[in-house]
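Novice: One structure, pasted below without further comment.
2 protein chains.
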Amino acid sequence: MSQKKFRPPRGFRDFPPEVMLVRKRVLDTIERVFQKYGFLPLETPIVEYWETLAGKYGDEAETHLIWRFQDPHSGEWYALRYDLTVPLARFVATNPVPLPFKRYHIGRVFRHERPGRGRFREFWQADADIVGSPLPEADAECVELTIDAFKTLGFRDFTLLLNDRRLLTGIFEEELRLGRLGRETVLAIFRAIDKLDKIGETGVRGELKKLGLSEAVIEKIMKIIGIRGDPDSVLSELSSKFGHNEKVKVAVEHLTGLLDCVRSDFRGHIRLDLALVRGLDYYTGPIWEVVLERVGLGSLAGGGRYDDLIRLYGGPDLPATGTSLGVERIIEAGAELGLWSFKRKSTARAYVIAISDTVRDYAREVVRLLRDSGVPAEYDLMRRKWRAQVEHAKKIGVEWLVFVGEKEKTTRTVTLHNTKTGEHFDRVDLTRAIELIRKQ
Amino acid sequence: MSQKKFRPPRGFRDFPPEVMLVRKRVLDTIERVFQKYGFLPLETPIVEYWETLAGKYGDEAETHLIWRFQDPHSGEWYALRYDLTVPLARFVATNPVPLPFKRYHIGRVFRHERPGRGRFREFWQADADIVGSPLPEADAECVELTIDAFKTLGFRDFTLLLNDRRLLTGIFEEELRLGRLGRETVLAIFRAIDKLDKIGETGVRGELKKLGLSEAVIEKIMKIIGIRGDPDSVLSELSSKFGHNEKVKVAVEHLTGLLDCVRSDFRGHIRLDLALVRGLDYYTGPIWEVVLERVGLGSLAGGGRYDDLIRLYGGPDLPATGTSLGVERIIEAGAELGLWSFKRKSTARAYVIAISDTVRDYAREVVRLLRDSGVPAEYDLMRRKWRAQVEHAKKIGVEWLVFVGEKEKTTRTVTLHNTKTGEHFDRVDLTRAIELIRKQ
């Protein structure tokens, strides 16, 4: 028997309980925020027809990154889902939904990456999208929800970088004096700029040069994408300089509308950044990303408007916008910042210890009372001596030890010991014991 | 573009919001029960090496039912997970865990079934297992938790059928007078009996005949598997008749210990049934299934002891027992019994309606106050007229309509209307409004 059988496949992970307890807390928090904004859950299969994913994500995904496979029985080609946006587009293209359709989806997606530090073949995303509204209100709802999620998770020094692809395209048209730029050229420039984080300014200049752009043009591009700052002042400056360009005008109006709709106490987190372009080709309007200055993990969330995607599935011409939280990076960043730790090893709050074999029935009765009162509780399933029971309870990190011996059984009481605070209560009656344990 | 692109693959399903809201409620309830008993979450990948699953589930799974596939890039063979038990066995075989290790896992599994009514290629299971204890206490914990889950979900007339494979084997040894039965013969008889639900008594007789058993022996088998009833009386009868047989003796003792540990108010749901054998080969002791008399859906949950499985992964010789809830059948049965309905279309409890464009900013402010107070709330993202806003809010089934007009804006009040009760409150101040909405 090969050693392989003992491991998850390369690039895949088992999540042991102490990790899962944190992951669940994070995902539950995100889900509560999504629901607070009235988003509705949608679930789609892990497996899609290959044809559903083909031609949606660009060359690299198509040739390498999508997990595609052929069913050996039927010969049919399938693929594991690559993100949560394309399944949404497929769903709304064929199912009548009341508009706007606000859906959230928290689940795993798959990439055929070369496994390595921080690169996994299976990871979680948490998406919230609004289908049906072309208005800045909808983008604002997604931006506000994104900021709310980070605040609720406990992050403080984070920034939501905001941009609009039309803004960038319009300024290019005005500044680069290359005539009307074709969509392909613009997308190629975007792809070069998108690598800024990875390859730095010099790298981006090199990439732009490969596109055949002159030094003067490259200089201007670098200057343009250096524009960043407080959204209101940057927008008013761009408006007075390039407002005569139709694309700039539309983008400035849309972003201004968006910012007007975001609650004022959240606006301090937003910065306009013309270097933000986002990797995917399908964005058509505002785009955003969340970064943490103190943690060098790249973006923790991102999103934007994609008004043309649903039509690709033969659906109606439905505008859409949405945000996607990068669960893996959020969990990593939060751990680094001390927002959560992986120390908790138990869901139980109480462990009932039988001092002798003759009180095991009473121990069971106490466990049931605790559980019936909503207190997750455990007792010994190994017929261990009481000292070993205490040891196990401490090992799994249960807060309250609940001792029962002959005296406790006769008087229908328990003796309580709190492993964290050191509090101790001798032979308190059951009702009082449950109160004490529930209180904290 | 082929029509295929618009659909999930055959045998796979999209779950729209009204279905997801029910599924989430059911899964959350089950998870809370699991946690109440101190079980811990474990997550494993969707994808496993094919070698991990091979040779674990029997011939039919091996040749057809496991979704296996070859990575076109690496040539490596993988498989989609088939159940949640084998990943658990793989995990504990290689990761040191404190014993007993009580883990739960709620997630999707895959079967390469021919798609059809009620047969899916992707479906959900909810498992709770205890690794490390050979004692009846551990089986009792799983049985009690199973009954608790059904009660908490709202089921009333359900029965947990209980048996022990050693009981059946021992009685066969005594009654069939075939000498000491080989494991293979016994497993073949079990597989025939397991089809009772599907092919009926006549069918089972036919299957047994194919095994080369005489009419007299078949007659005895049918009589033995006809034994069922109150556990205590059946066990005491079997004990006095066959107690000299070592297997029967051990099984009766184990089942008696198990029943002693189950809380008395749950015992009425348990019935001993010698016709229960369970499909999988790996069970070694007590086995159980939950059936609903009124709904013809087969078993809704099942489990048992499997003391040899973990050793198969080269792990230590760890006894284990566990229970698996069939999420799909539970949801179907609950819907049939009226425990839940798929009518709810929203997570929002309030919809703020702007009577005119000039109060949209105030509407947004009210929405924020509601959300900050923990009330999921929505407002118009389409700049619709107020009547269309009301229509949309009713379509998605929001309970509270919160009207804001010029007067409300000036006085910082709202006008409330409850779409379910018909209650109406004119211009109440915001604090009072939030109280009224939260109350219900």
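Quick mapping for you: the protein sequence lines, in order, are chains X and W. Under our numbering, think of the first position of the first sequence as 7, with each following residue one higher. Under our numbering, think of the first position of the second sequence as 7, with each following residue one higher. Even glycine gets a Cβ: it sits at the ideal position worked out from N, Cα and C.
Is W/Ile-153 near W/Lys-108, with beta carbons less than 7 Å apart?
Specialist: no
Novice: If you reduce the DSSP assignment to three classes, tell me which class W/Val-283 lands in.
Specialist: Coil at W/Val-283, not helix or strand.
Novice: Contact check, X/Leu-241 vs X/Leu-261 under 8 Å by CB: the rounded distance?
Specialist: 6 Å
Novice: Mind checking the region 265-277 of chain X against chain W and listing, in chain order, the residues whose C-beta falls within less than 7 Å of any C-beta there?
Specialist: Cys-267, Arg-269
Novice: Helix, strand or coil for W/Trp-392 per DSSP?
Specialist: The answer is helix: DSSP assigns W/Trp-392 an H, G or I state.
Novice: Helix, strand or coil, according to DSSP, for W/Ala-454 in the structure here?
Specialist: A question about residue 454 of chain W goes unanswered here, because the residues of chain W that appear run from 7 up to 446.
Novice: Taking the straight line between their C-alpha atoms, what separation do you get for X/Ile-233 and X/Leu-280?
Specialist: Using only the alpha carbons, I get a separation of about 6 Å.
Novice: Identify the continuous alpha helix (DSSP H) that holds W/Glu-295 and give its terminal residues.
Specialist: Where W/Glu-295 is concerned, there is no enclosing alpha helix (DSSP H), although the beta strand (DSSP E) it sits in stretches over 292-298.
Novice: Name, in chain order, the residues that DSSP records as bridge partners for X/Ser-305.
Specialist: Answer is X/Val-297.
Novice: If I follow the unbroken beta strand (DSSP E) through X/Val-358, where does it start and stop?
Specialist: 356-360
Novice: By a C-beta neighbour count over all protein chains shown, 10 Å radius and 16 as the cutoff for buried, is X/Ser-330 buried or exposed?
Specialist: buried
Novice: So what does X/Trp-83 bridge to, in DSSP terms?
Specialist: The partner list for X/Trp-83 (beta bridge, DSSP) reads X/Gln-76.
Novice: Roughly how many angstroms separate the alpha carbons of W/Leu-59 and W/Glu-68, rounded to a whole number?
Specialist: 8 Å
Novice: Note down the Cα distance separating W/Glu-147 from W/Gly-328, rounded to an integer number of angstroms.
Specialist: 9 Å
Novice: Using a beta-carbon distance cut-off of less than 8 Å, what residues from the region 131-150 of chain X approach chain W?
Specialist: Ile-136, Gly-138, Ser-139, Leu-141, Glu-143, Ala-144, Glu-147
Novice: Taking the beta carbon of X/Lys-426 as the centre, do at least 16 other beta carbons fall within 10 Å, making it buried, or is it exposed?
Specialist: exposed
Novice: Just the chain W side, please: which residues come within less than 7 Å of X/Pro-22 by C-beta, in chain order?
Specialist: The answer, in chain order, is Leu-48, Asn-101.
Novice: Pick from X/Ser-362, X/Arg-355, X/Arg-366: whose alpha carbon is nearest that of X/Leu-376?
Specialist: X/Arg-355
Novice: Mapping DSSP to helix, strand and coil, what is W/Val-32?
Specialist: helix
Novice: Using CA atoms only, rank isn't needed, just tell me which of X/Pro-102, X/Val-149, X/Phe-40, X/Val-223 is closest to X/Glu-180.
Specialist: X/Val-223
Novice: Just list the residues that DSSP pairs X/Val-137 with in beta bridges.
Specialist: In the DSSP output, where bridge partners are listed per residue, X/Val-137 has X/Phe-107, X/Ala-326.
Novice: Whose C-beta lies closer than 7 Å to the C-beta of W/Tyr-163 among residues of the same chain, with five residues either side of it excluded?
Specialist: The sequence shown places Asp at residue 163 of chain W, not Tyr. Same-chain partners within the cutoff: Leu-298, Glu-299, Arg-300.
Novice: Would you please verify whether the beta carbon of X/Lys-229 is less than 7 Å from any beta carbon of chain W?
Specialist: no
Novice: What number of angstroms, rounded off, separates the C-alpha of W/Val-434 from the C-alpha of W/Tyr-357?
Specialist: Approximately 16 Å between the Cα atoms of the pair.
Novice: Residues of chain X with CB closer than 9 Å to the CB of W/Ala-326, please, in chain order.
Specialist: Against W/Ala-326, chain X offers no close residue; the least beta-carbon distance is about 12 Å (beta-carbon pairs closer than 9 Å).
Novice: Looking at the C-beta of W/Arg-377, does it have a partner C-beta in chain X at a distance below 7 Å?
Specialist: Closer than 7 Å to the CB of W/Arg-377 there is at least one CB belonging to chain X.
Novice: For W/Thr-262, does the three-state DSSP call read helix, strand or coil?
Specialist: If DSSP states are grouped into helix, strand and coil, W/Thr-262 belongs with the helices.
Novice: Of the residues X/Asp-367, X/Thr-91, X/Phe-431, which one's Cα is nearest the Cα of X/Leu-286?
Specialist: Among X/Asp-367, X/Thr-91, X/Phe-431, the Cα nearest to that of X/Leu-286 is on X/Thr-91.
Novice: According to DSSP, which residues form a beta bridge with W/Asp-118?
Specialist: Here residue 118 of chain W is His; the residue named in the question, Asp, does not match the sequence. Bridge partners of W/His-118: none, in fact.
Novice: To the nearest angstrom, report how far apart X/Leu-174 and X/Trp-294 are at their CA atoms.
Specialist: 14 Å
Novice: Pull up the distance between the alpha-carbon of W/Leu-166 and that of X/Pro-14, whole angstroms please.
Specialist: 35 Å
Novice: Determine the direct distance from the alpha carbon of W/Ile-337 to that of W/Val-32, and round the result to whole angstroms.
Specialist: One C-alpha to the other measures close to 7 Å.
Novice: Is there contact between the region 70-79 of chain W and the region 68-80 of chain X, where contact requires at least three CB pairs shorter than 8 Å?
Specialist: yes
Novice: Between W/Trp-83, W/Arg-38, W/Gly-340, which has its C-alpha nearest W/Tyr-55's C-alpha?
Specialist: W/Trp-83
Novice: Please decide whether X/Ile-52 counts as near chain W, where near means a Cβ-Cβ distance under 7 Å.
Specialist: yes
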